[in-house]
Amino acid sequence: MLPIGIPPCGNGFLLCRGASGLHIGKIVSMKSATDWARRVWSVGRSLLSNSGLRLFPLAPTLQGYNKPLLLQDARAGLNVALLAFPQAMAYALIAGLPVQFGLYGAAVAGLLSPFFSSSRFVMVGPTNATAVMVLSAFMTLPLGSERTAYIGIFLLMVGIFLTVGAFFRVASLVQYVSQTVVTAYITGAAVLIIANQIPAALGFRLEGAATFIEVVVQTVRQVQMTHLPSLALSLATVGAYLFFHRKFRVLPSVAVTLVVMSLVGAFMQASGVQLVFLEKVPMGVWKAEVPVFDPQAISLLASAALAVAFLCVVETASIGKSLANRAGERIDPNQEMLSLGVSNTACAFFGGMPASGSLTRSVLNFSSGARTPVASWFCAVLIAAAALGLGPLIGYIPKAVLAVLVVMVGISLINARQIRYAYRSTNSDRLTFIVTLGSALVFALDFAIYLGVAVSIILFLRKASAPTLVEYSFNEQGNLYEIETKDTRAHPSISIVHVEGELFFGAAELFRDQIRFVSEDPSLKVIILRLKNAYHLDATSVMALEELIRYLREQKRHLIVSGARKEVYRVFLKSGLIDILGKDNFFMGSPANPNVSTRNALKRAQALLGDQKAEVKIFYDPAKSGPKSPA
């Protein structure tokens, strides 16, 4: 509808001519639109300021940009593009998407991420881990084979999760994710990648296989359908890749192998050998599309989208921190999370796939001498130009060749050293690794991540909820020492119990049971709890202590607390527990003299027992030399 040349009517209305005649439309004044935009901008800046995020961290870099920096960034961008182009196609193949989704995703993410990133080395785009997550998500959900129709809304959810998480500084919590979980997940993803590409390398395809076990079973059943020319081409591709990778390390072995073996495939096709090739990408065709809004798809994909967002943060933060440490710099994980959120949101509208920090491309960018994030722009522009200008040539790449290169990428993901560390370090790490890897091979990968994180947290809480209780006494020099049996107590009716560790709700039950076990000795009349190294008392612990106090009093016994820190005293005071215990039975710790509060508690115990004959020595060492108190 276009306005015709008639002056505005009263009250800010305008006559407009549409397909069905004249209509009256409301005029939106330029001033009100500007005011609205300013308010939105103000709210956005306020949110950024409160979250500690920066809207345009690249600005200072561009202000001082010069020709030497340009040349170094251009060289690094070219090197990375030669690796990223075949990788992007391979990762799209892993995800079960047309290859252009990987290429467009690499271009879009590479163009946008530098605007918001705090790292000059991290290259954002499709990765093997996120690609196999997409494969796993769509394989196990009843959305049909047309995953290209739903990848847009999936990416939009990933982008929203990441952007919102960045504003709430969720990335700061990544440090609490066990590296064992990540190692097990990546190992499982690598095995799934290899298993899914073997059928393509053998020249046949599977239908409906959703898990690793199903893929293996169907592959074994259909192995008699192996296409011998495809198998021969696959074996030749393995040989070519190993040759270029070992003999010509300066060359991008994946790209060179892809070109050489595509020529071999074209020669075989011309000789009458039938091969399966990738679909051609139409030249110069790349359009933006609004994701399809499907409530059922959103419900089914939300869990997988959250898992992909989580994985993106873990990958990018670990890569960024590693490279920043090597360069003597620092990054902000939440700023990287915002960069990922914007990149994935844009990919949702421009035909991309999930974007995350790539380890191989980021390391290559670092080693190629990239000086600023502008190197990512050069890489993205080269990929976009190649995708649009050389798209038809992609149709000459045999599927078997690309499948073999994907298998080689999958093999490179299996880190034997990290697996050995995870499996041998502790029983908790071993159990976490086995559970995460096993679930990755049996169930969907997003479930494997959630289960692995849950198991690692449960095992950590199990360790943290086991406070150490050791019984101590004083020797003739006035120093505390650990006693082995109750018979060696200096005062048989008094027990000094040193508590070390967490006393939060998860430890309260065990703590109470251990103290009750100590108090089973009928000759014991007073228990002195030394809380010098006890941490994180909460309401559950307070209730357990109150129950213990009442339990001991019913048996005409006493509880005394010594060595308490200010945090412990605050909990006792605010909860009112100190009134139940009795202020005379509570002794604060002294950093200058660690044992004095326990000695005073011992005096109090003797007074409660009416024992005034025992000689009590006060140990005091201002220089803090000599024997140490228990840690």
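Heads up: the sequence shown begins at 3 in our numbering, then just goes up one per residue.
All residues carry an ideal CB built from backbone N, CA and C; glycine is no exception.
{"Item": "Cβ atoms of Pro88 and Leu260: under 9 angstroms apart, would you say?", "Value": "yes"}
{"Item": "In this structure, how does DSSP classify Leu99 when only helix, strand and coil are distinguished?", "Value": "coil"}
{"Item": "For Ala446, which of helix, strand or coil comes out of DSSP?", "Value": "coil"}
{"Item": "How is the beta strand (DSSP E) around Tyr398 delimited, first residue to last?", "Value": "Segment: none, Tyr398 is in no beta strand (DSSP E) and carries neither H nor E."}
{"Item": "Taking Val528 as the reference, give the member of Gly591, Leu303, Leu611 with the closest Cα.", "Value": "Leu611"}
{"Item": "Going by DSSP in three states, Ile496 sits in which element: helix, strand or coil?", "Value": "strand"}
{"Item": "Secondary structure at Tyr537, three-state DSSP: helix, strand or coil?", "Value": "strand"}
{"Item": "Quick one: give me the first and last residue of the alpha helix (DSSP H) that Met263 is part of.", "Value": "255–272"}
{"Item": "Could you compute how far the alpha carbon of Ile385 sits from the alpha carbon of Tyr537?", "Value": "54 angstroms"}
{"Item": "When you compare the CB positions of Ala109 and Gly354, do they come within less than 9 angstroms of one another, or not?", "Value": "yes"}
{"Item": "Could you spell out where the beta strand (DSSP E) holding Val126 opens and where it closes?", "Value": "125–127"}
{"Item": "Roughly how many angstroms separate the alpha carbons of Glu556 and Leu526, rounded to a whole number?", "Value": "14 angstroms"}
{"Item": "Based on DSSP bridge pairs, tell me the residues matched to Arg532.", "Value": "His500, Ser564"}
{"Item": "Inspect the CB distances between the region 165–180 and the region 376–385 and report whether three or more fall short of 8 angstroms.", "Value": "no"}
{"Item": "Under the three-state reduction of DSSP, which class applies to Met590: helix, strand or coil?", "Value": "strand"}
{"Item": "Suppose you measure from the CA of Thr150 to the CA of Gly391; what does that come to, to the nearest Å?", "Value": "23 angstroms"}
{"Item": "With DSSP collapsed to three states, give me the class of Ser358.", "Value": "strand"}
{"Item": "In three-state DSSP terms, what is Phe279?", "Value": "strand"}
{"Item": "Take Val437 and list the residues in its own chain whose beta-carbon comes closer than 6 angstroms to its own, dropping the five residues that flank it on each side.", "Value": "Val457"}
{"Item": "Take the Cβ of Gln199 as the centre, count every other Cβ of all protein chains shown within 10 Å, and call the residue buried at 16 or more, exposed below.", "Value": "buried"}
{"Item": "Out of Phe214, Tyr423, Leu461, which has the shortest C-alpha to C-alpha gap to Ser430?", "Value": "Leu461"}
{"Item": "Please list the segments of the beta strand (DSSP E) lying wholly inside the region 358–385, counting only runs of 3 or more residues, in order along the chain.", "Value": "358–360"}
{"Item": "Within the same chain, show all residues whose beta-carbon is closer than 6 angstroms to that of Ala389, passing over the 5 residues directly before and after it, in chain order.", "Value": "Leu105"}
{"Item": "With three or more beta-carbon pairs closer than 8 angstroms as the criterion, would you say the region 398–410 touches the region 251–265?", "Value": "yes"}
{"Item": "In this structure, does DSSP put Pro62 in helix, strand or coil?", "Value": "helix"}
{"Item": "Does the region 343–361 come close enough to the region 163–172 that 3 or more CB-CB pairs lie under 8 angstroms?", "Value": "yes"}
{"Item": "Nearest to Val501 by CA position, among Val183, Pro524, Ile459, Leu547, is which residue?", "Value": "Leu547"}
{"Item": "In terms of alpha-carbon separation, which member of Gly107, Ser119, Pro70, Ala97 lies closest to Ala61?", "Value": "Ser119"}
{"Item": "Does Glu317 pass the burial test, meaning 16 or more other C-beta atoms within 10 Å, or should it be called exposed?", "Value": "buried"}
{"Item": "From what residue to what residue does the alpha helix (DSSP H) around Ala306 run?", "Value": "297–328"}
{"Item": "Excluding the five sequence neighbours on either side, which residues of its own chain have a C-beta within less than 6 angstroms of the C-beta of Ser627, listed in chain order?", "Value": "Low confidence applies here, because Ser627 scores a pLDDT of 38, under 50, leaving its location unreliable; read the following figure in that light. Result list for Ser627: empty, nothing under 6 angstroms."}
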